[in-house]
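Undergrad: In the numbering used here, the protein residues as written are 16 to 300. Cβ coordinates follow ideal geometry from the N, Cα and C atoms, glycine included.
1) Please state the DSSP three-state secondary structure of residue 102.
2) If we count the other Cβ atoms within 10 Å of its Cβ and call it buried at 16 or more, is residue 248 buried or exposed?
3) I'd like to check one pair, residue 230 with residue 31: are the Cβ atoms closer than 9 Å?
4) Could you pull the DSSP bridge partners for residue 268 from this structure?
5) Quick one: what does DSSP say residue 126 is sitting in, helix, strand or coil?
6) Quick check on residue 158: does DSSP put it in helix, strand or coil?
7) Spatial neighbours of residue 122 within its chain, please: C-beta separation below 7 Å, excluding the five flanking residues on both sides.
8) Determine whether the beta carbon atoms of residue 76 and residue 179 lie at a separation below 9 Å.
9) Would the region 104-122 count as touching the region 76-87 if we require 3 or more Cβ pairs under 8 Å?
10) Could you work out which residue in 195, 223, 267 is closest to residue 64 when comparing CA atoms only?
11) So for residue 46, helix, strand or coil by DSSP?
12) Report the residue from 78, 104, 110 whose alpha carbon sits nearest the alpha carbon of residue 92.
13) Report back the beta-carbon spacing between residue 175 and residue 295 to the nearest angstrom; my notes put them in contact at under 8 Å.
14) Is residue 190 helix, strand or coil by DSSP?
15) Using a Cβ-Cβ cut-off of 6 Å (strictly less than) and excluding sequence neighbours within five positions of residue 156, which residues of its own chain qualify?
16) Report the rounded CA-to-CA distance for residue 124 versus residue 266, giving the unit in angstroms.
17) Have a look at residue 41 and residue 262 and give me their C-alpha separation to the nearest angstrom.
18) Which residue from 21, 17, 287 puts its Cα closest to that of residue 177?
19) Hey, how far is the Cα of residue 29 from the Cα of residue 101?
20) Which stretch, first to last residue, makes up the alpha helix (DSSP H) that contains residue 64?
21) Buried or exposed, going by whether 16 or more other CB atoms sit within 10 Å of the CB of residue 234?
22) With residue 164 as the anchor, note down where its alpha helix (DSSP H) starts and where it stops.
23) Check the C-beta distance from residue 45 over to residue 259 and give it rounded, since I have them as a contact under 8 Å.
24) Provide the residue span of the alpha helix (DSSP H) that contains residue 288, from first to last.
25) Near residue 215, which residues of its chain fall below 6 Å by C-beta distance, leaving aside the five closest residues on each side in sequence?
26) If you check the beta carbons only, do residue 97 and residue 268 fall under 9 Å apart?
27) Identify the continuous alpha helix (DSSP H) that holds residue 302 and give its terminal residues.
28) In the DSSP assignment, the alpha helix (DSSP H) including residue 16 goes from what residue to what residue?
29) What separation, rounded to the nearest whole angstrom, lies between the Cα atoms of residue 34 and residue 62?
30) Using three-state DSSP, classify residue 254 as helix, strand or coil.
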């Protein structure tokens, strides 16, 4: 890494939670408008995090707190390496390590709500992690490398990998827990979950989770944006459009079952990937 890489890495680490918090605030505002409410201010996520950081530290067990820090650290490293255009496979691996600690941290408590939420989060991970591998396979097939710099040099992945692009959009919907995939937390007040995997987190440690979620949200939107890396402004607009569509789906659909999620995501992922890569193979012959 050069000095410029270190500067870009640091800038990404500092700016990403600001961007992620603003996007989360806009998400809440749009949701409120769809539901006919005025809604909270766009800056409300920042107010929430500041208030959480000022609360008393309540510790259920030490490992759960350690897991929260690892989850945040992995999110920070993922977005930093993405910013310097490192190996995308490594970035996904780092992000997955943080998620594993996040799940195990919830399983380490005795709360039935945390444990049920963690089990459902694990099922969601089993749904979207293979899809991320399918996306990487498609990118590798087109660019010949997992290096983000090589992938972005292709310019317009969206034209060559339209079906794999849809697979990544499905990953976004599952990862940010929008309906019909809101299983592990209780964004829509599902009574059997309370707060699901987040039930035993409070105060500063809940703030760490919220900030880590902002990092992951921006990372996923950035992965969508590089499908049109020829003009990253257009790519960013495409990613925001996909998020807007996810918000609409979130507000008009009911939560489905875990079995349906797994079968639907794997069938869509496998079929779309095979068809897309198969088409490219026969066209290039």
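TA: In short:
1) strand
2) exposed
3) yes
4) According to DSSP, which records beta bridges pairwise, residue 268 is partnered with nothing at all.
5) coil
6) helix
7) 130, 133
8) no
9) yes
10) 223
11) helix
12) 110
13) 6 Å
14) helix
15) 292
16) 32 Å
17) 10 Å
18) 287
19) 18 Å
20) 59-68
21) buried
22) 163-168
23) 7 Å
24) 273-299
25) 75, 124, 126, 129
26) no
27) Residue 302 falls outside the range modelled here, since the chain spans only 16 to 300, and no answer is possible.
28) No alpha helix (DSSP H) holds residue 16; DSSP gives it neither H nor E.
29) 15 Å
30) helix
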